Amino acid sequence: MTEEITSNTPAPDAFEAALAANADDLATPVAEFVAEPISEAIDDQSNSDLALASDEDGDIESDENDPNAEFRRTLRAAIGDWYVIHSYAGYEKKVKGNLANRIHTLNMEEYIFQIEVPEEEVMEVKNGARKMVKRNIYPGYVLVRMDLTDESWSVVRNTPGVTGFVGNAHNPSPLSMGEVEKILAPRPKKAADKADIKFIDFEVGESVTVMDGPFATLPASISEIMPEQAKLKVLVSIFGRETPVELSFTQVQKL
């Protein structure tokens, strides 16, 4: 790459830990890793959640009540296996673009088929304005569907921004179908997400009264809104000086 990048490469087992950390709640920050490999994280869920049901011919059973049934069929019909590669955190989309260009210029379309950067939509509030933004679920990782050969391995590994494959560097193991589904399957909107949007009824600069804690009854002004933590950063006047304090939504009252 032409620009200098400070090394921020994830540890070899970080993706497995990140997958486990995100298994139950994707809103949990990826930095809060748990030391649990992928296989254990998957075993913790019920077999019915992850098992790919099949009939006598080995085809996946249709289930009108399962929103991921069609995704599973598409997943199993696709050629190639899914591999995980390391990248510099924050450069995942650039790596995706770099690899896509190399696939085209090196005529590797018959060996490397798909590149994905797993993302989720989160609510962001800045200066009182609310908007949905996309955030990487696994910073520092990119998924690639490919037929692994010496040539395709080299094309991926030598892509600018790629620091290696997860697992064995020269003979990496592909993800299982269950793991791929866990990472890439469309996720329904949680009821909690709607609730979050509903109770964010504050604006930066708004005056409020602190109702709880050591600053109870004091007036304050909102300087920052943190919807994911359900917290506000407010400025409270202490001894004639404005001091920043973090409070939950329930600790303040609008005037």
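Residue -8 is where the sequence shown starts when you use my numbering, and the numbers rise one by one after that.
Note that beta-carbon positions come from the ideal geometry of N, C-alpha and C, so glycine has one too.
In this text, all values refer to a predicted model and were calculated from it rather than measured experimentally.
Original post:
Val243 and Val225 look like a contact to me (Cβ under 8 Å); what is the Cβ gap, rounded to whole Å?
Top reply: Sequence index remark: in the sequence shown, residue 243 carries index 252 (1-based). Sequence index remark: in the sequence shown, residue 225 carries index 234 (1-based). Indeed they touch by this definition, with Cβ atoms about 7 Å apart.
Original post:
When we look at the beta-carbon of Ser143 and count the other beta-carbons within 10 Å, is it buried (16 or more) or exposed?
Top reply: Numbered from its first residue, the sequence shown carries residue 143 at position 152. The residue in question, Ser143, is buried, as its Cβ has 16 or more Cβ neighbours within 10 Å.
Original post:
Does DSSP put Phe240 in a helix, a strand or coil?
Top reply: For this step, residue 240 is matched to residue 249 along the sequence shown. Phe240 falls in the helix class under three-state DSSP.
Original post:
From what residue to what residue does the alpha helix (DSSP H) around Arg63 run?
Top reply: For the purposes of this step, residue 63 is identified with residue 72 of the sequence shown, where counting begins at 1. Note, Arg63: alpha helix (DSSP H), 60 to 68.
**OP:** Can you tell me which of Leu223, Val201, Asn56 puts its alpha carbon nearest to the alpha carbon of Phe193?
**Re:** Taking the sequence shown and counting its residues from 1, one reaches residue 193 at position 202. If you compare the alpha carbons of Leu223, Val201, Asn56 with that of Phe193, the shortest gap goes to Leu223.
Subject >> Inter-residue CB distance, His77 and Thr154 (contact presumed, cutoff 8 Å) >> reply: Here the question's residue 77 lines up with position 86 in the sequence shown. Here the question's residue 154 lines up with position 163 in the sequence shown. His77 to Thr154, Cβ: 4 Å. Contact.
Original post:
Comparing alpha-carbon positions, which option in Lys122, Met114, Asp138 lies nearest Phe104?
Top reply: Position 113 of the sequence shown, counted from the first residue, corresponds to residue 104. Here the closest residue by C-alpha is Asp138.
Subject >> Assigned secondary structure, Val113 (DSSP; H/G/I helix, E/B strand, else coil) >> reply: To locate residue 113, count along the sequence shown from 1; it is residue 122. If DSSP states are grouped into helix, strand and coil, Val113 belongs with the strands.
Original post:
Rounded to a whole number of angstroms, what is the C-alpha to C-alpha distance between Pro165 and Asn159?
Top reply: On the sequence shown, position 174 is the one that residue 165 refers to. On the sequence shown, position 168 is the one that residue 159 refers to. Answer to the nearest angstrom: the Cα atoms are 10 Å apart.
**OP:** Return the CA-CA distance between Tyr74 and Pro235, expressed in angstroms with no decimal places.
**Re:** Stepping through the sequence shown from its first residue, residue 74 is reached at position 83. Stepping through the sequence shown from its first residue, residue 235 is reached at position 244. So the alpha carbons of these two residues sit roughly 45 Å apart.
Original post:
If we ignore side chains and look at the alpha-carbon of each, how far apart do Gly204 and Met114 end up?
Top reply: Taking the first residue of the sequence shown as position 1, residue 204 is located at position 213. Taking the first residue of the sequence shown as position 1, residue 114 is located at position 123. Using only the alpha carbons, I get a separation of about 27 Å.
Original post:
By Cβ distance, which residues of its chain are closer than 6 Å to Phe206, with the 5 residues on each side in sequence left out?
Top reply: For the purposes of this step, residue 206 is taken as the residue at position 215 of the sequence shown. Once the five neighbours on either side are set aside, the close Cβ partners of Phe206 are Val227.
Original post:
Between Arg126 and the rest of its own chain, which residues show a CB-CB distance below 7 Å, the 5 nearest in sequence each way excluded?
Top reply: The residue labelled residue 126 in the question sits at position 135 within the sequence shown. Non-local C-beta neighbours of Arg126 in its own chain, meaning closer than 7 Å and more than five positions away in sequence, comprise Glu110, Glu111, Val113, ordered along the chain.
Subject >> DSSP state of Gly204 mapped onto helix, strand, coil >> reply: Along the sequence shown, read from residue 1 onward, the residue named residue 204 stands at position 213. Three-state result, Gly204: coil.
**OP:** Take Glu(-5) and list the residues in its own chain whose beta-carbon comes closer than 7 Å to its own, dropping the five residues that flank it on each side.
**Re:** Translated into the one-based positions of the sequence shown, residue -5 becomes position 4. At Glu(-5), the pLDDT of 43 sits below 50, so the modelled position is not reliable and the matter cannot be decided from this model.
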